[in-house]
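Each remark here refers to the structure printed beneath this line.
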Amino acid sequence: MAEELFVGIDVGGTTVKEGLVNREGKILSKLSVPTPSLVDEAGYAAVIDGIKSLLDAQDGDVVLKGIGLAVPAPVPDDGDVKLIANASIDLQGLGAALRDAFGGAAVAFVNDANAAALGEMWRGSALGHRSMALVTLGTGIGAGVVVDGKVIGGANGAGGEVGHTCVNPAEERVCGCGRHGCLEQYASATGVVNTYKMECEKRGTQPVELAGPSDSKSVFDAYQAGDEAAAAAVDTMVEYLGLALANLACTVDTEAIVLGGGLSAAGDLFLGKLVERFKHYTLSVCADTPIEIASLGNDAGLIGAAYAGLMEA
4 MAEELFVGID VGGTTVKEGL VNREGKILSK LSVPTPSLVD EAGYAAVIDG
54 IKSLLDAQDG DVVLKGIGLA VPAPVPDDGD VKLIANASID LQGLGAALRD
104 AFGGAAVAFV NDANAAALGE MWRGSALGHR SMALVTLGTG IGAGVVVDGK
154 VIGGANGAGG EVGHTCVNPA EERVCGCGRH GCLEQYASAT GVVNTYKMEC
204 EKRGTQPVEL AGPSDSKSVF DAYQAGDEAA AAAVDTMVEY LGLALANLAC
254 TVDTEAIVLG GGLSAAGDLF LGKLVERFKH YTLSVCADTP IEIASLGNDA
304 GLIGAAYAGL MEA
């Protein structure tokens with residue numbers, strides 16, 4: 004009997020990662036190609052050829068049952084993606100080309116942050132849970148919420164947009180979304196750097212050398228070295244992140260909250276404080292919700308996309 008396999012495709016700005024995954028969530032093989040313009044036959048062929056290469060490398064009798072694509076766009080619950088701001092993708096055309104190429108295999112689309120959440124639930128830090136929230140702390144803040152094994156896309160694809168939860172209505176600076184006081188302004192890598200620079204200015208001190216506007220690693224290094232401005236920036240991040248996660252817990256009451264993204268690598272420096280602030284702000288029945296660090300790294304989106312394909316099959 005043929006082994007049923009699934010493909011996860013993580014469409015990024017520079018590369019498309021493709022992985023062949025079995026029903027247990029194990030990656031059997033993977034590859035990456037430069038991201039083509041996915042709006043015509045040439046672009047579709049680049050993705051299709053990659054999948055064929057993965058399948059051809061397998062020994063024995065296999066059948067491709069489902070394909071999941073993690074895309075950088077809001078994906079509503081009905082799957083009708085209306086806006087892709089930062090990539091050239093014709094999802095309907097790509098989906099049809101994949102179905103034609105692979106004998107009607109099921110095709111599912113999922114937002115990239117939501118795919119990472121599905122991956123962590125299926126094979127990562129939230130393994131064994133039926134509900135969880137993944138909050139990715141990177142240049143910006145993305146999030147995915149899974150309830151009863153299904154990701155919450157929302158009517159407009161904005162389900163789980165924790166990064167744009169307003170945590171400080173008094174904020175005068177404008178967020179990238181055009182509003183004020185969003186979590187992303189304080190707890191993203193860019194937000195931590197901005198707060199650090201403001202704290203240095205308050206104190207009349209010179210900031211440490213920064214590699215760029217989102218070089219939060221240098222801020223955390225300064226924090227470890229006793230830099231008071233860096234400590235204030237980390238405290239600000241923890242305060243507002245704790246508040247946002249507390250409100251998230253009260254809203255969806257997931258079994259676990261998982262932190263991913265570049266800032267999560269510094270989790271040992273702030274996780275204890277974050278848990279304390281979370282407990283301070285949240286409803287008492289949610290206070291023991293575990294907050295953990297993601298474990299799948301860059302494979303989370305790929306594995307979660309494959310899971311979406313499995314659920315669609």
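So the sequence shown is numbered by the working numbering: it starts at 4 and just counts up by one.
We treat Cβ as the ideally placed atom computed from N, Cα and C, and that holds for glycine.
Since we're looking at a predicted model, the values are computed, not measured.
- The beta carbons of V36 and G53 sit closer together than 7 Å.
- Per DSSP, F281 has no beta-bridge partner at all.
- A residue is called buried once 16 or more other Cβ atoms fall within 10 Å of its Cβ, and E21 is buried on that count.
- CA-CA distance, Y47 to A129, rounds to 33 Å.
- Taking C-beta atoms as the reference points, F105 and L94 fail to come closer than 7 Å.
- By the neighbour-count criterion, in which 16 or more other beta carbons inside 10 Å mark a residue as buried, T139 falls on the buried side.
- Secondary structure note for F105: it is in no beta strand (DSSP E), with a DSSP letter that is neither H nor E.
- Assigned with DSSP and collapsed to three states, G263 falls in strand.
- Rounded to the nearest whole angstrom, the C-alpha separation of A192 and I144 is 9 Å.
- Nearest to A249 by C-alpha distance, out of V170, W125 and V19, is V170.
- Counting C-beta pairs with one atom in each stretch, the segment 298-313 and the segment 116-129 have three or more that are closer than 8 Å, which means they touch.
- Burial state of H167 is buried, judged by a 10 Å Cβ sphere holding 16 or more other Cβ atoms.
- Inside the segment 36-91, DSSP marks whole alpha helix (DSSP H) runs of 4 or more residues at positions 44-59, from first to last along the chain.
- With a cut-off of 8 Å on Cβ pairs, the segment 267-286 is not in contact with the segment 186-201, counting fewer than three such pairs.
- The DSSP-derived three-state label of C180 is coil.
- Looking at the DSSP output, C185 shares a beta bridge with C169.
- Taking the Cα of E295 as reference, the smallest distance to any Cα among A311, G312, T257 and D302 is reached at T257.
- S32 is bridged by DSSP to L23.
- The Cβ atoms of I30 and L72 lie no closer than 7 Å to each other.
- By the beta-carbon neighbour count (other beta carbons within 10 angstroms, threshold 16), V177 is exposed.
- L137 is bridged by DSSP to G147 and V261.
- In this structure the segment 234-251 does not touch the segment 115-122; the number of beta carbon pairs closer than 8 Å is below three.
- E175 and G184 have their C-alpha atoms spaced approximately 8 Å apart.
- DSSP lists no bridge partner for F223.
- With 16 or more neighbouring CB atoms inside 10 Å of its own CB, T38 falls in the buried class.
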